[in-house]
Structures are given as C-alpha cells and as structure tokens.
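Each residue of the sequence shown is one higher than the last, beginning at 547 in this note's numbering. Take a look at the structure below.
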Amino acid sequence: MAFTLSAQAAEKDAHTAWEMINNGALVVDVRTAEEFAQGHLDNAINIPFENISNEFKQRGIAKDQAVVVYCRSGRRSGIAQQSLIEQGYGRTYNGGGLESLAAHNKQ
C-alpha cells in the first residue's frame, strides 16, 4: 500500500509540474553542468542548486514568475525551491526527478 501511495504522489507531482510547464513556467534543472549535458528536459535551463538564488537575481527573473525546478531525485530541487521561496519567489514547484518528469510527459 505504501508503494502505491508513493507512486501516486510521484505521479501527481509530475502531473502538476507539467501543468505548470505547459502554462509557461520557467523550467530549471538544478543538477551540475555535467549532468545537464548528459540529458535534460528540452525546455530547461541549467542553474546548479547552490547558485540558484544569485543566478535568479543576476538574470532579473521576476519574483512572480512560475518556476519548476528538478534534479535527479528531487532532493537538490527541494533545496533550490526552498532557497527561492526564502528569496520571495512564491510560485515555485519541486518537480522532483528528471526520469519521472520525462516519463510522465510521454504518457
């Protein structure tokens, strides 16, 4: 039962992420540049999670911009999301892991 609930939660996260992406959210891959080069979502930009607050500030990204962050498993994207929220970016969403997002988009 726990596995089923976890699978449903992961699917819900990917579904919500894709709804946001399809409605114009900025998609940010927060993995390393090397990981990004090995594969990423087509519409993603790469900003490693430890640099996200500074990069958003430098790029002048509006605080009301919808943003979906993702990584390999969801851990680094969770850290990035929290960092953005602390900087006033209230429309952020942790999309979780790349494989889950990519698989959900093909369904």
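All C-beta atoms, glycine included, are put in the ideal place defined by N, C-alpha and C. Note that this is a predicted model, so its numbers are computed, not measured.
| Query | Result |
| --- | --- |
| Among Leu-587, Gln-604 and Glu-601, which residue has its Cα nearest to the Cα of Leu-644? | Leu-587 |
| Can you tell me whether DSSP reads Gly-624 as helix, strand or coil? | helix |
| If you draw a straight line from the C-alpha of Val-613 to the C-alpha of Leu-630, how long is it? | 9 Å |
| Count the other CB atoms within 10 Å of the CB of Ala-649; is the residue buried (16 or more) or exposed (fewer)? | exposed |
| Look at the Cβ atom of Ala-571, then the Cβ atom of Leu-647, and state whether they are nearer than 9 Å. | no |
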